[in-house]
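The working numbering puts the first residue of the sequence shown at 10, with every later residue one more than the last.
For glycine and all other residues, C-beta sits at the position ideal for the given N, C-alpha and C.
So the structure is just underneath, and the comments pick up after that.
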Amino acid sequence: QVQFVESGGGLVQPGGSLRLSCAASGFTFSRYPMRWYRQAIGKERELVASISQTGSNTQYADSVKGRFTISRDNAKNTVYLQMNSLKPEDTAVYYCIRIFAGTVRDSWGQGTQVTVSS
């Protein structure tokens, strides 16, 4: 059974940092690209960052470029999202997911809440 367990969220002041982790299971992790998405209250889920199977290629939404870094550890079946210079508009529930044949096909995990507020 494919499963994603996100962690590392919390309450942080503007300008602060958080590192999110996502433990994946139920499939051969190293064979698939991974993505982080986020969903704020009242808004649609949006793509934040993507990473290739080996980690050599990464892409970011314009809103987080230069502040967030996606990485992965294939030995630990884990993908990370380092978030720096956080802004109130980064407040959302963050989810990781596998990309299978170019799209999202798995069920979402429970996500991890990130709240940026003074």
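Item to complete: Label Ile50 either buried or exposed according to how many other C-beta atoms from any shown protein chain fall within 10 Å of its C-beta, with 16 as the threshold for buried.
Response: Taking the sequence shown and counting its residues from 1, the one referred to as residue 50 is at position 41. Counting Cβ neighbours within 10 Å, Ile50 comes out exposed, since fewer than 16 surround it.
Worksheet item: Near Asn86, which residues of its chain fall below 7 Å by C-beta distance, leaving aside the five closest residues on each side in sequence?
Response: In the sequence shown, the residue the question calls residue 86 occupies position 77. Answer for Asn86: Ala32, Ala33, Ser34, Phe38, listed in chain order.
Discussion item. With a threshold of 8 Å, are at least 3 pairs of Cβ atoms found where one atom belongs to the stretch 96-104 and the other to the stretch 40-48?
Written reply: Touching, per the Cβ criterion.
Fill in: C-beta atoms of Leu95 and Leu20 nearer than 8 Å
On the sequence shown, position 86 is the one that residue 95 refers to. On the sequence shown, position 11 is the one that residue 20 refers to. Between Leu95 and Leu20, the gap from beta carbon to beta carbon reaches 8 Å or more.
Discussion item. Below 8 Å on the Cβ atoms is my contact criterion, and I expect Thr121 with Leu56 to pass it. Report the Cβ-Cβ distance as a whole number of Å.
Written reply: Position 112 of the sequence shown, counted from the start, is the residue given in the question as residue 121. Position 47 of the sequence shown, counted from the start, is the residue given in the question as residue 56. That belief does not hold up - the Cβ atoms of Thr121 and Leu56 are roughly 17 Å apart, past 8 Å.
Discussion item. To the nearest angstrom, how far is the alpha carbon of Tyr69 from that of Tyr89?
Written reply: What you label residue 69 is simply residue 60 of the sequence shown in a count that begins at 1. What you label residue 89 is simply residue 80 of the sequence shown in a count that begins at 1. Taking the straight line joining both Cα atoms gives about 14 Å.
Practice prompt. Measure from the alpha carbon of Val113 to the alpha carbon of each residue in Tyr41, Ser16, Arg76, Gly18, then state which is nearest.
Written response: The residue labelled residue 113 in the question sits at position 104 within the sequence shown. Checked all of Tyr41, Ser16, Arg76, Gly18; the closest Cα to Val113 is Tyr41.
Discussion item. Please report the distance separating the alpha-carbon of Arg54 from that of Trp117.
Written reply: The residue labelled residue 54 in the question sits at position 45 within the sequence shown. The residue labelled residue 117 in the question sits at position 108 within the sequence shown. So the two alpha carbons sit approximately 11 Å from each other.
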